[in-house]
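Quick note: the sequence shown uses this note's numbering, first residue 2, plus one each step. What follows is a single structure, written as structure tokens, with notes after it.
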Amino acid sequence: MELALDVPCPVCEGSGKNTEPEAEHIGEEAYRRRKRAVRFLLAPPVAARINEIADEWEELKQYAADRGDEEVLGFVEYLQLREGDSVITRAYVTANTHPDCEPCKGKGRELTDQGKMVLAFIKRWPPE
2 MELALDVPCP VCEGSGKNTE PEAEHIGEEA YRRRKRAVRF LLAPPVAARI
52 NEIADEWEEL KQYAADRGDE EVLGFVEYLQ LREGDSVITR AYVTANTHPD
102 CEPCKGKGRE LTDQGKMVLA FIKRWPPE
């Protein structure tokens, strides 16, 4: 008998992040700011610049992998290094910073009925 105590959260698909937050999740002002940032990033000149930097980052990542270097900057860090504190960097970070998923509280996992029973047992242990 296999005992599955938890499964990936069905809402966030195991990521632990809410990638499509609404105003009630993050607040009205943050929601408007996020939507403006997404629209800004979709503008053709900005999207082209982001794609150009992403291509550079992929090349550098591949070069590092070929050399056996496992420590590579993430895309956001590379973007900040390349562009500095620019409007593009701030918009990218704003649009791509996701709040925690509410049902799983950012864990990406959800307890099954068996898991809930085991947790309840553990909380009662040791018996008095």
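Cβ atoms here follow ideal geometry from the backbone N, Cα and C, with glycine treated the same way.
Annotation: the continuous beta strand (DSSP E) that includes arginine 110 extends over 110-112. Histidine 99 and glutamate 53 have their C-alpha atoms spaced approximately 24 Å apart.
For arginine 83, the CB contacts under 6 Å within the same chain, skipping 5 residues up- and downstream, are Ile54 in chain order.
With 16 or more other Cβ atoms from the protein chains shown falling within 10 Å of its own Cβ, proline 22 counts as buried. The DSSP-derived three-state label of aspartate 101 is strand. For valine 47, there is no enclosing beta strand (DSSP E); the residue is part of the alpha helix (DSSP H) that begins and ends at 45-67.
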